[in-house]
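S.K.:
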Amino acid sequence: MKASLVQLVDIPQRGDSRGGLSVAELGGALPFPVRRVYWIYGTEPGVSRGFHAHKKLRQLCVCVAGSVRMSLFDGRHEENIVLDSSAKGLLIGPGLWREMHDFSPDCVLMVFADAEYDESDYIRNRTEFMDYAASR
Ligand code: TYD
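According to our numbering, the sequence shown is numbered sequentially starting from 8.
#1: Go through the residues and name those whose CB comes closer than 6 angstroms to any heavy atom of the ligand TYD, in chain order.
#2: CB-CB under 7 angstroms to G22, same chain, minus the five flanking residues each way: which ones, in chain order?
#3: Once the 5 residues before and after L37 are set aside, which same chain residues still bring their CB inside 7 angstroms of it?
#4: Just to confirm the assignment, what range does the beta strand (DSSP E) spanning F80 have?
#5: Buried or exposed: which applies to A60, given that a residue is buried once 16 or more other Cβ atoms fall within 10 Å of its Cβ?
Given below as structure tokens:
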């Protein structure tokens with residue numbers, strides 16, 4: 008049986024009557040030391056993003072507001088998951104083509120990464136990705 012491409016981790020919730028509070032710490036929700044955090048927000052209606060894979064990078068994606076559909080593809084199988092909760096993080100390892108679709112207008116997607124930005128780690132061409140996936 009093939010392993011699921013969608014790997015979700017539980018993010019501890021420490022909210023109370025005052026409101027929400029979510030915690031992602033090393034050894035908890037985060038399985039790697041974080042070297043970079045970025046967030047995607049204000050995505051224009053109808054816009055999709057991503058369309059790339061990474062050779063080495065590991066990421067944890069948390070939709071801290073709104074919702075977004077994440078599509079993951081390993082060269083053979085595609086899986087989709089809607090992220091709409093700050094209580095769940097989607098782990099995306101290397102060698103996965105990812106696309107982000109159906110952003111809600113209020114979506115804020117927070118991404119924790121284990122390395123600084125490095126364009127040479129990207130595979131942005133789908134045909135190149137198919138060759139890369141086939142050779143793994
Ligand atoms: P890109 O990776 O294409 O975004 P997405 O996959 O979400 O559509 O990044 C958009 C631009 O921002 C591109 O010029 C690279 C730059 N960028 C950085 O400089 N640092 C970063 O950490 C990220 C994620 C992107």
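Even glycine gets a Cβ: it sits at the ideal position worked out from N, Cα and C. In this text the structure is predicted, and so the values were computed from the model without any measurement.
M.R.: The relevant details are as follows:
#1: R43, Y45, I47, R56, G57, H59 and Y124
#2: L28
#3: A31, L67 and F119
#4: V75 to F80
#5: buried
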